[in-house]
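Chemist: Below you'll find the structure I mean.
Numbering (this note's numbering), first residue to last: 1 to 160.
What follows is the structure, given as structure tokens:
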């Protein structure tokens, strides 16, 4: 069984949205997915898009995806690669697809002189945490992630 990783194209937008929804189901957050196919097309493939997508295929069939973007580290003085989402369908896990996809992303990071390759994982997702640790990734427990979104973001931007 052959695993292939290729850049996502606009025609992949419906499949990417399906994977996003499946991932949200797994993370118990489906109610938070408001993206549409048009949103995926615009944000990943539109003019000025800063995020990038990859499709993972086994024997020519899509079994997963990754979305990433480049960030910047002032301490390193270099770009970094941030993995927003990585998903492999449950029935395809354990066959090397996730590791292949992560290695492909690591190669992209190295080819772009990135000083770091980072991502987040839910603290209860023990299988993913153990998988990442088995690859040599280390948790950054001293950092706490913060977020503004929706009404809070708009009100803060408006000075309220």
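Positions of the beta carbon are idealized from the N, C-alpha and C atoms, including for glycine.
With residue 54 and residue 6 assumed to form a contact (beta carbons below 8 angstroms), what rounded beta-carbon distance in angstroms separates them?
Modeler: About 7 angstroms; that satisfies the 8 angstroms criterion.
Chemist: What do you get for residue 110, buried or exposed, if any count of 16 or more other CB atoms within 10 angstroms of its CB means buried?
Modeler: exposed
Chemist: For residue 14, count neighbouring C-beta atoms within 10 Å of its own C-beta (all shown protein chains included) and say buried if the count is 16 or more, exposed if not.
Modeler: When all chains shown are included, residue 14 counts as exposed.
Chemist: Expressed to the nearest angstrom, what Euclidean distance is found between the alpha-carbon atoms of residue 11 and residue 21?
Modeler: 17 angstroms
Chemist: Which word fits residue 17, buried or exposed, when buried means at least 16 other C-beta atoms lie within 10 angstroms of its C-beta?
Modeler: Buried, by the Cβ-count rule.
Chemist: Looking at residue 51: is its Cβ nearer than 8 angstroms to the Cβ of residue 26?
Modeler: No.
Chemist: Would you give the residue range spanned by the beta strand (DSSP E) that residue 53 belongs to?
Modeler: Per DSSP, residue 53 belongs to the beta strand (DSSP E) from 51–58.
Chemist: Determine contact between the region 130–143 and the region 29–46, defined as no fewer than three beta-carbon pairs at a distance below 8 angstroms.
Modeler: no
Chemist: By alpha-carbon positions, which one of 49, 82, 116 ends up nearest to residue 39?
Modeler: 49
Chemist: Using a threshold of 8 angstroms, state whether the C-beta atoms of residue 148 and residue 59 are closer than that.
Modeler: Contact: no.
Chemist: Verify whether the separation of the beta carbon atoms of residue 3 and residue 96 is less than 8 angstroms.
Modeler: yes
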